[in-house]
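Going down the list, the protein sequences come from chains A, B, C, D and E.
Residues 23 to 359 in the working numbering are what the first sequence spells out, letter by letter.
Residues 3 to 540 in the working numbering are what the second sequence spells out, letter by letter.
Residues 257 to 604 in the working numbering are what the third sequence spells out, letter by letter.
Residues -3 to 371 in the working numbering are what the fourth sequence spells out, letter by letter.
Residues 9 to 334 in the working numbering are what the fifth sequence spells out, letter by letter.
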Amino acid sequence: MTQVLTRPLLEIKNLNVDYGLGDEAVHAVRDVSLTIHRGEVVGLAGESGSGKSTLAYGVTRLLPPPGVVAGGSVTYHPPTGEPFDVLSLSHAELRKFRWAETSIVFQGAMNSLNPVHKVDVQMMDAIKAHEPQLSKAARLDRAKEMLRLVGISEDRLDAYPHQLSGGMRQRVMIGMALALEPQLVIMDEPTTALDVVMQRQILGQLVELRERLGFSVLFITHDLSLLVEFSDRIAIMYGGRIVEEAPSADIYRDPLHPYSVGLLRSFPALRGDRRELTGIPGSPPDLRGMPSGCAFHPRCPKRFEPCDKEIPVLGKPDDHVGPARTVACWLHPVTAG
Amino acid sequence: ACGDSPNEKAKNSGAKTTVLTVGMPNGPLTENENPFLTTSAGAKDGYRWVVYEPLMMWNPVKPADPMKPWLATKAEWNKDYTSVKVTIRDNAEWSDGQKLTADDVAFTYKLVRDNEALNSGGVPITDATVSGADVTITFKSPQFVSQQKAIAQIPIVPKHVWEKVSDPKSEVNKNPIGSGPYTIKSFTPQTTTLVARDKGYWQALPQVKELRYTSYNDNNAQTTALANGECEWSFVFIPNVKTVFIDKDAANHKIWAPPVLGIHGLYINTTKAPFNDPKLRVAMGMVINRDDIFTTAEAGYFHPLVKSVTGLPSPAGDAYISDEYKGKDYKVDVEGAKTLLASAGYKLDGNTLKDPSGKPVTLTLTDPAGWSDYQTSLEIVKANLATIGINATVDKANQDAWFKNVEAGQFDAAFRWTEGGSTPYDIYRTVMDGDQLKPIGTASPAGNFGRFDSKDATAALRAYAAATDDAARKTALATLQKIFVEQAPMIPVGADNIGGAFSTKNWTGWPDDANPYGAAQPTQANALDVILHLKPSA
Amino acid sequence: MTATPSSIEQVIPGQGAMAQPDVTPAGKKAKRRRFRFIANGKATTGLVILAIYVLFAIIGPWVAPFDPDKITSDVLQAPSAKHWFGTSHLGQDIFSQILAGTRSVVMVGAIAGIVATVLSILVGVTAGYLGGVIDEILSVLSNVFLVIPGLLLIIIICTSLPRVNDLTVALVIGLTSWSWGSRVLRAQTLSLRQRDYVEASRATGEKTWRIIFFEILPNLTAIIASGFVGTVIFAVLSEITLAFIGISSVSSWNWGTILFWAQGQQALAQGAWWWFVPAGLAIAILGTALSLVNFGIDEFVSPRLRTSGHGPKRTSTGEKVRMKVGFTPVIRPVEPTGTIDMKDGATR
Amino acid sequence: MTLSESPAAPVGEVVLEAEGLTKHFPVRRKLSDIFTGKRAVVHAVDDVSLTLRRGRVTALVGESGSGKSTVARLFAQLYPRTAGDLRLHGETTKVHGGRRFRDYVSRVQLIFQDPFGSLNPVHTVRYHLTRALKIHGNAGKNAEELEAALAALLTRVAMTPPERYIDKFPHELSGGQRQRVAIARALGADPEALLADEPVSMLDVSIRLGILNLLRDLKERLNLAILYITHDIASARYFADETMVMYAGRMVEGGDSESVTQNPAHPYTRLLIESAPDPDRIAGIADATAKDRGNGEPPSLIRPPSGCRFHPRCPHAMKRCTVDLPPRLEVGGEPGHWAACWLYDAETVAKEGVGSAADPSIPTPPALHLPEEAR
Amino acid sequence: MRFLLQRLAFYLFTAWAAITINFFIPRMIPGDPISSFLARNQGAVSADAIQSLRVLFGLDQKQSLWQQYLDYWGQLFHGDLGLSFTFFPSTVSEVIGQSLPWTIGLVGITTVISFMVGTTLGIGAGWRRGTWIDGLLPATTFLSSIPYFWLGLVAIAVFTGPGSYFPSSGGYTPGLVPALDQYFIGSAINHSVLPAVTILLSSMSGWILGMRNMMVTVSAEDYITVAHAKGLSERRVAFSYAARNALLPNVSAFALSLGFIVGGTLLVEIVFSYPGVGFQLFQAVGAHDYPLMQGIFLVITISVLVANLLADVAYLLLDPRTRKAG
Ligand SMILES: Nc1ncnc2c1ncn2[C@@H]1O[C@H](COP(=O)(O)OP(=O)(O)OP(=O)(O)O)[C@@H](O)[C@H]1O
Ligand SMILES: Nc1ncnc2c1ncn2[C@@H]1O[C@H](COP(=O)(O)OP(=O)(O)OP(=O)(O)O)[C@@H](O)[C@H]1O
Ligand SMILES: [Mg+2]
Ligand SMILES: [Mg+2]
């Protein structure tokens, strides 16, 4: 997208996330830096197990045990006031911060709703926790409004989650995520369980809402074609690291990292010529025994001398003149500084 | 609001000296005051005998003593004891104010005659006729050996109440009208409270103004209540009675356990070789350590020692011991037993006794698992028998099966009781009655479990029961004792006791060795006599 | 693990299985799984104690210092160097009685556990897999057994048998206490039956009995195991209770018999605590050991109970970290600088 | 090992043929139904006709819940069918269990939708494959032959070297590897037809591709007839010779894959294709295509809409669509390409006019490329 | 609804089967009420009583088992449970009627308390895994592994005695008349403390454990993480989200355990001499009191079945997922 996106909203710097402690730790996210600007949709792609969800949850500190954030900082820039580090917040501060500033739509909305409470209770719960001064009626109004916003008739407030279809539940979750008008919405594969028709409906609504409300989105999926269509910028993860990051059109047209290339060559196109699908040979790395050097090198068709020795840094490649893109690959070396 | 609560008084009456707490380990009861039924609450707790009264008061501790006049001022038996003429006192009144008459007595006896279910003593009544204050009751057979059942254990009920009862055996009689000094104040499954009448009783009113009968669930609860002083009078087996009960309040906690004419001992199946040999049985009797059983299994009191070789306990049986056996007591005599056995052809081979045919003598002692005193006794018997080389094993049987097997004669040896009564007749009858002799496999519920086959004994039993004079009785009894001693159809160990555990903290006047005026057991027919003897302690 | 029993029939067999979630081990190593079970501290403690009991069950009667039946003159003695647990009213050595009684207890527990487990598998799994009329019939059957109060049924059966020995007691307990397990197994089987792999093996052409025994049963192992442990506890308690209330007429020693004698002689009221306490403790420790094993099984079945273990953990640098759902701990090796470099970022 | 690399049977021979296949699942009744005698059923599959040929892949696409898996299970005879005919080499078959069922499954094998669920977690790869071989008599005579057969199976699904995988438990394998084991298991029966129920839906793009290539390779080498079920229409285009589209339990369109995906005829197929993410359409999200189409909810299968089941969501719906069930109508120009839609009945269109009965809340559709005659 | 009807039919059938078994089992026991009567009165009752008892209990009339069975059902349909042998001629209904309230009062209330306390502790233990509250588990397990009678007897030995607040036996102070006044109720409560506490100690661990495991399971669910993500307060998440879901299986277990109240009290009542129905049943078994046994079995059967039905209904009510729309 062409708007000038300069004001950062969330700056992730050198984030490390581990599962487990000490020697048993699995380093699921390594040294990841990523900035999300106001009003921007950032896509996060990468194959299963590359650490996308871990990154998202790590930022919000919602990792399931034994996950621990093992380093780095996450700086949040509120619309007014001083920026602060999310990772240093106390539990109480964190509770206040959550949902009001950043909300999350989880992978699999099926399980995100409490099966024993009606939709209205769950929506109003969130509102009440953050705006306790609001009357019950006002809260109910807000809940209704949110449902309408996501295209569900307000009488469904009275329904239990199991009485809604998967798509409706997903929309309820999105509505709930927007109820407090947060600055950032993190969406973890919100549509993988749905079929394409439903997926498009929901994403369409989301885009529309974003234009109206102006929040930023961190959108996670491994479906690159979806991301290319929907996001402004895409970061591609492999083996716990971001290996490439660029505006989506650039990535689609001209992927730099061989892994990005492989990803793009893995899904069949519906329209146009039938192109050759090569895929990515080999299997994903084991997080416990990461290959030395570039984690992708054992599967990389273009690997050469330094790949298995040194880890390439993520940075603006010297050989590329376009704007704002970074890559971590020895094919596109980065000069420090 | 609680002013009219029935419990307020009970709680506030601090003056404890008017109340006597009595207990029995019967479990929760239901409101059933039918005085004839052993299943009634009154019978289980014993208070039927303070509401209803018999004609005469019999002292089981001294069974040969003459009975005390009670509702009858006198009882005269005919010579062969088939009929009795009783004179009813004229000052007795029912608790509803009506007078007690000879008609009531005759009615009661006919009621019992006509309803077999009410006749728990099995008294063969034929008729009861009234003439003035006298009632003549006639019986099918001589009642010498069961006089007490005939006139001291049938509660007299008011005709004007019971003639209206259509089915006396299923009458629960919730509002009992009796001639005794107490009436029921309240009934709960756990406790029945009785209060003394304030007028109309034919003799001096008791000093115990209120009786509380509590039914505890089991012996342990009962014992604990006794030890704690919650309960002042009961009849229960208390192991190690000194520590468990007496020492808790040595000054007041008392046990008095006089024996009656009913004994416990080891029945031996006399049909099984080699135990069909009387010598072997006698030898076994010689080595059993009754003192051990008495102190260890029976806590030193519960089944008083039977010392006399005739099996008759002292003092209840003293009067009946024949001259031949007077002063002859059991004592452990292992050497004597060995000699006796050797003379009869048995050989002691190392630790094993071999019978004349050369087979080792072994036997199984059985009793139901739950009867811990019997089980302990058997353990001791087992150890005792080992001293003469008899290898016994103890089998903890199932109660039902045990009953069936013992009655059917399918056992080697078992501890069991005999009937008890006013004469030694019941003891000997239970052990040796040829009329009860059934083939192995057929039940003989009334006795002779060991299948003891002696025509002489049977004849002597019949002669004793039907005798018309003391001399004949004495001869018959001597014969019975001789057979019992020489053939040892059963090895007596202890007697039934008719005593109880009580506390003198609040009440004195209990029967004791010095003044054995009655049985100290709350469920006996003479319980009322005991209560009437009680005085507040100083 | 259900119907957590109200009171006295303390252990309902299979109680431990109620709350068990899915049995599919989500991506955990199966082989290591087995060792993990052992590695579980609780389970190990339980197993070690059990092993000691089993050892005494085997050698107990031989190593007992005295003949447990032997009547001596050392009546009602407090524990001493000679009589470790004191003596009974007949001067019998209580320590020897406990040792001699272990065998019966362990045997009855094991046999009853096996019988009940086998029955519950037969009934529960069959009903769950086959469904339909067979299911209805078997369900009624197990419900009937559930409805009849177990301990009382056992009492009734034991009183009605002419001869009762350890084996009969064990069989009676086993035959009357399978219904809970069968219910749990049936419910599990019902859900397993709908698993794709069961359907898939059918589509491969497997026969019904093979599906039941080779596809479904192995997946129930953990539930079966904890049901077994539960039944064993129940059986031991029942056996002891039966002996205690004088129902079972076992001629050999078991701890219930000891308690029966102690109670019959009012050991506690007499102050002879040594007569009462050791047997009770022996039972309680055995029960606890079995429960510990059960915990082990539970935790090993449910990955969720397993993950993150207990209590605070330590990092390699020795910091204490408490895992908490919803609030991921942050451990940063270096304190982040207070100032944030605004120009630095991924957009460069 | 009897798996033959090049069977004699000619490519294109009909292996399995379904006609009017119907499956209704009974649903729990309400009390009122007991009295009225009504029997509620889920119309999971209605009147489906489908032919599987040797050496050809037939794709079945459709949204979630449209009945695709049910069709597969009906083909595998795991469910008894409510109505219709299923012919194996022209012979009607109806088997429940026992020998005849085993004979059937040795020729028609199903690969389950979920690679995580269809392998028993307690058994190794070896067990799964050995059973498949043994049941169908392909295990050879002795241990060596079995070992060889196992190795051959694994090699066939590109799990090499076999020793590395043979003794693994399912959870030790990646999703793609599990899916391969499931395929290998199906191949162990040496079937003629393979029913692959969404073999790739849960997998990652790169793994997905591997499996599809594998299936294609098997089709070519073993001359298998394959039913490929998916809701990813793009993969159908890539992989299948023929594509059928299902909607709410009915077939709505069919034809060779290229025509169906490039010239979708049925409005539902179009919706499906429009909805598929398309990287070439960058930033076009908020355009008309993304607009909510009707209420977007699939219809109830207990009380399916009358007439064409898609009519409540269809922007082109005509009156006739709400009443009459459309038959298979030839879509102009392309032989074998048909659609069950009244739009292709020139008469109806002429009489009623396209979209005459459409729900007004449905936004105007983009230009419709109807065949000439229909305009 | 259909589901309930189906369950009802199922339970009726189960009830029939159980009652039939209850009828036949006691009759399989060798022995008869009379020899049990003699056994209990070793020597104190003479053999002469045998005949009178035989007549009394109606055992002199021979009837085929089948005829007895038919008669039994006939009586049942008239609500007549017959006459007890032990308490002849009191009716079985009366015996049960006077003991049932005690059982329900003591064990019912303790079951409820045990469930509530156990569940609350379980919530704590599950929610704060690894804190001190986890240490409760081994302790309660140990207590629940002790045979109940042992615990009860030790409690009696330790806590009762002259001068102690706790009475050693019974349901109320002897001499009080059951009435709803302060004395009686106070006494009843006083008598129930020790049995209640021992029941609690030995039964609580099941609830704690069950609830804890469910809490642990549930707290890994996505919706809990979502609740945290929503910034809800700790309490709200713990109770309204986690515990509310974790409770479901335990509630039905609880309903089931209510059914075991009547049948499960045997030992408490023996040990504490509590006047309840379990002890009556125990006695009835010993006394071969068939009518009483059957009556109590009937009560147990019905209460377990009703509890089962309750469990079904409770689940239906508590878990919206099982409630079918419409
Ligand atoms: N509890 C855990 N313990 C150890 N490793 C874990 C744990 N949870 C996740 N991982 C590992 O962390 C890595 C990253 O997982 P994550 O869920 O972030 O992947 P993802 O990119 O979101 O994948 P997907 O697309 O499948 O959701 C994976 O390799 C996974 O195996
Ligand atoms: N056993 C069953 N009982 C009742 N209804 C069923 C059953 N199996 C499937 N259905 C219903 O039949 C319809 C078709 O289901 P099916 O599984 O065939 O769909 P699908 O196209 O495979 O969907 P997906 O893409 O999600 O796998 C659905 O509405 C489903 O709810
Ligand atoms: Mg993820
Ligand atoms: Mg499907």
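Heads up, the beta-carbon is just placed ideally off N, CA and C, and yes, glycines get one too.
*Could you tell me which chain G residues have their CB closer than 9 Å to the CB of V101 (chain D), listed as they occur along the chain?*
Among the protein chains of the structure shown, namely A, B, C, D and E, there is no chain G.
*With 8 Å as the threshold, decide whether the Cβ of A237 (chain E) is near any Cβ in chain A.*
For A237 (chain E), the answer is yes, since a Cβ of chain A falls inside 8 Å of its Cβ.
*Which residues in chain B sit within 9 Å of Y180 (chain E), going by Cβ to Cβ distance?*
Here the neighbours are T190, Q192 and T193.
*On a CA-only basis, which of B:K356, B:V86 and B:N93 is nearest T128 (chain B)? Give me that one, please.*
Selected option, being the one with the closest Cα: B:V86.
*If we call anything under 8 Å between Cβ atoms a contact, is L306 (chain E) one with I27 (chain E)?*
Yes.
*F413 (chain B): buried (16+ other C-beta within 10 angstroms of its C-beta) or exposed?*
Buried: at least 16 other Cβ atoms inside 10 Å.
*Would you say S65 (chain D) touches ligand 4, meaning its beta carbon is less than 7 Å from a heavy atom?*
Yes, the beta carbon of S65 (chain D) sits closer than 7 Å to at least one heavy atom of ligand 4.
*Might you give, ordered along the chain, the residues of its own chain that have their beta carbon closer than 8 Å to the beta carbon of A220 (chain D), omitting 5 neighbours on each side?*
Note that residue 220 (chain D) is Leu in the sequence shown, not Ala. If we look at L220 (chain D) and ignore the five residues flanking it on each side, its Cβ neighbours are R50, G51, P187, E188, A189, L190 and L214.
*Closer than 8 Å, CB to CB, is H352 (chain A) near chain E or not?*
The question names His, but residue 352 (chain A) in the sequence shown is Trp. Contact with chain E is absent for W352 (chain A), since none of that chain's Cβ atoms lies less than 8 Å from the residue's Cβ.
*Hey, how far is the Cα of I193 (chain E) from the Cα of A187 (chain E)?*
Roughly 8 Å separates the two Cα atoms.
*Bridge partners of E326 (chain D), per DSSP?*
DSSP lists D:W334 as partners of E326 (chain D).
*Mind checking Y347 (chain E): buried by the 16 CB within 10 Å criterion, or exposed?*
For residue 347 (chain E) there is no data in the structure shown, the boundaries of chain E being 9 and 334.
*Ordered along the chain, which non-local residues of its own chain (more than five positions away) have a Cβ less than 7 Å from that of H39 (chain D)?*
Excluding the 5 residues flanking it on each side, H39 (chain D) has same chain C-beta neighbours closer than 7 Å at H20, G245, L297 and P300, in chain order.
_Quick check on I278 (chain E) - is its C-beta less than 8 Å from some C-beta in chain C?_
Interface criterion met: the Cβ of I278 (chain E) is under 8 Å from a Cβ in chain C.
*Give a yes or no on whether the minimum CB-CB distance between T2 (chain E) and chain A is below 8 Å.*
As displayed, chain E neither begins before 9 nor continues past 334, which places residue 2 (chain E) out of reach and without an answer.
*Find the nearest neighbour of M190 (chain A) within the set A:P212, A:A346 and A:P303, judged by alpha-carbon distance.*
Nearest of A:P212, A:A346 and A:P303 to M190 (chain A), Cα basis: A:P212.
_W81 (chain E) classed as buried or exposed, judged by whether at least 16 other C-beta atoms fall within 10 angstroms_ = Counting every other CB atom within 10 Å of its CB across the protein chains shown gives W81 (chain E) a total below 16, marking it as exposed.
*asked:* Does chain D have any CB closer than 8 Å to the CB of G391 (chain C)?
replied: Checking the displayed sequence, the identity of residue 391 (chain C) turns out to be Asp instead of Gly. No, D391 (chain C) does not count as interfacial toward chain D.
*Please indicate yes or no: does the CB of A50 (chain A) lie closer than 7 Å to some heavy atom of ligand 1?*
Flag set: Cβ of A50 (chain A) near ligand 1.
*Quick one: what's G251 (chain D) bridged to in DSSP?*
DSSP lists D:T239 as partners of G251 (chain D).
*Is the Cβ of A366 (chain C) closer than 8 Å to any Cβ of chain E?*
Interface annotation, A366 (chain C): not in contact with chain E, CB-CB separation never under 8 Å.
*Pick helix, strand or coil for G302 (chain B), following the three-state DSSP scheme.*
The answer is coil: DSSP assigns G302 (chain B) none of H, G, I, E or B.
*Would E266 (chain A) be called buried (16 or more neighbouring beta carbons within 10 Å of its own) or exposed?*
By the neighbour-count rule (16 or more Cβ atoms within 10 Å), E266 (chain A) is buried.
_When you compare the stretch 494 to 504 of chain B with the stretch 522 to 533 of chain B, are there three or more beta-carbon pairs, one atom per stretch, that lie closer than 8 Å?_
Contact holds: three or more Cβ-Cβ distances are below 8 Å.
*State whether the stretch 533 to 545 of chain C contacts the stretch 135 to 155 of chain E, with contact taken as three or more CB pairs (one from each stretch) at a distance under 8 Å.*
As far as the Cβ criterion goes, the stretch 533 to 545 of chain C touches the stretch 135 to 155 of chain E, which means the pair count is three or higher.
_Y274 (chain A), DSSP secondary structure in three states_ = Reduced to three states, the DSSP call for Y274 (chain A) is helix.
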